[in-house]
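Following: one structure in structure tokens, then a few remarks.
In full-length UniProt numbering, the protein residues as written are 1 to 69.
Dropping the structure here:
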């Protein structure tokens, strides 16, 4: 995770998570409260701050732990 840049693209996220870029864009369209990845626009492109991505992953882990316990 340390090697990721401070600003992430959909392709970087897709590669990191091992999912399709299309799925990343679906997560971009989902509100963060419903499990979507927080993002912002730069022109026609979507970007994600690394710190927000890390928090998003941590939240997914917490949700999973609640379901398992």
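We put the beta carbon where it would ideally sit given N, CA and C, even for glycine.
Query                                                                                                                          : Result
Range covered by the beta strand (DSSP E) that runs through residue 42                                                         : 40 to 42
Where residue 7 sits in the DSSP three-state scheme                                                                            : strand
Spatial distance of residue 8 from residue 20 (CA atoms)                                                                       : 15 Å
Cut-off 6 Å between Cβ atoms - residues of its own chain near residue 11, not counting five sequence neighbours on either side : 21
Proximity below 8 Å, CB of residue 13 to CB of residue 53                                                                      : yes
Residue from 51, 28 and 55 whose Cα sits closest to the Cα of residue 6                                                        : 51
Under 8 Å between C-beta atoms of residue 37 and residue 27                                                                    : yes
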